[in-house]
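Okay, so here's the structure we're looking at.
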Amino acid sequence: MSALNQRGDAEPDPILVPAASIDPEKVTRPPAPMPVWVRLTFDDGRPERTQKGFALAWTDRHVQVQVLWEISYYRGARDFWVSPDQVTRRTIEPQWLGRSPEQ
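So the sequence shown is numbered by UniProt numbering: it starts at 1 and just counts up by one.
Here you go:
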């Protein structure tokens with residue numbers, strides 16, 4: 001087995017809102033995902049942490065976010081439903097911001 005495949009098991013999920021509790025009739029989806037910070041909490045003793053992510057959809061009581069997540073031997077995009085108080089908007093600055101035209 002290569003060293004790439006020896007990273008270990010997938011990271012356990014944070015505390016989530018079960019997808020089954022979301023009413024599909026009340027879901028709003030933006031034209032493009034919105035950049036957000038999401039505060040994830042855990043029930044296994046790990047400290048809470050804030051990660052970059054994107055808001056994919058929301059209801060009046062929940063937000064669906066997508067974050068990079070440790071999945072076995074790689075990091076992949078996962079989406080979770082969380083409470084809106086765990087989410088704040090973030091700004092993605094253009095890559096060229098602050099550069100002179102000659103660069």
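Beta carbons are placed, not taken as given, at the ideal position from N, Cα and C, and that holds for glycine.
- [ ] Round the Cβ separation of Ala10 and Glu70 to the nearest angstrom and send it over; I've been treating them as touching at under 8 Å.
- [x] As a working mapping, residue 10 is identified with position 10 in the sequence shown. As a working mapping, residue 70 is identified with position 70 in the sequence shown. Indeed, because the Cβ distance is near 6 Å, the residues count as touching under 8 Å.
Task: For Thr50 and Glu25, the rounded distance between their alpha carbons - done: In the sequence shown, residue 25 corresponds to position 25, counting from 1. In the sequence shown, residue 50 corresponds to position 50, counting from 1. Glu25 and Thr50: Cα-Cα distance of roughly 29 Å.
Open item on the list: Considering just the uninterrupted stretch of the beta strand (DSSP E) at Phe54, what are its terminal residues?
Closed with: Translated into positions along the sequence shown, residue 54 becomes position 54. From DSSP, the beta strand (DSSP E) with Phe54 extends over Arg49 to Trp58.
Open item on the list: If I measure Cβ to Cβ from Arg39 and keep anything under 7 Å in the same chain, skipping five residues before and after, which residues do I get?
Closed with: Sequence index remark: in the sequence shown, residue 39 carries index 39 (1-based). Result list for Arg39: Glu48, Thr50 and Gln86, in chain order.
TODO: Could you tell me the distance, in whole angstroms, from the CA atom of Val67 to the CA atom of Gly45?
DONE: As a position in the sequence shown, residue 67 is number 67, starting the count at 1. As a position in the sequence shown, residue 45 is number 45, starting the count at 1. The alpha-carbon atoms of Val67 and Gly45 are separated by roughly 21 Å.
TODO: Quick one: measure Cβ to Cβ for Val17 and Trp81, integer angstroms, because I've assumed they're closer than 8 Å.
DONE: By one-based count along the sequence shown, residue 17 stands at place 17. By one-based count along the sequence shown, residue 81 stands at place 81. Contact flag correct, Cβ pair sits at about 4 Å.
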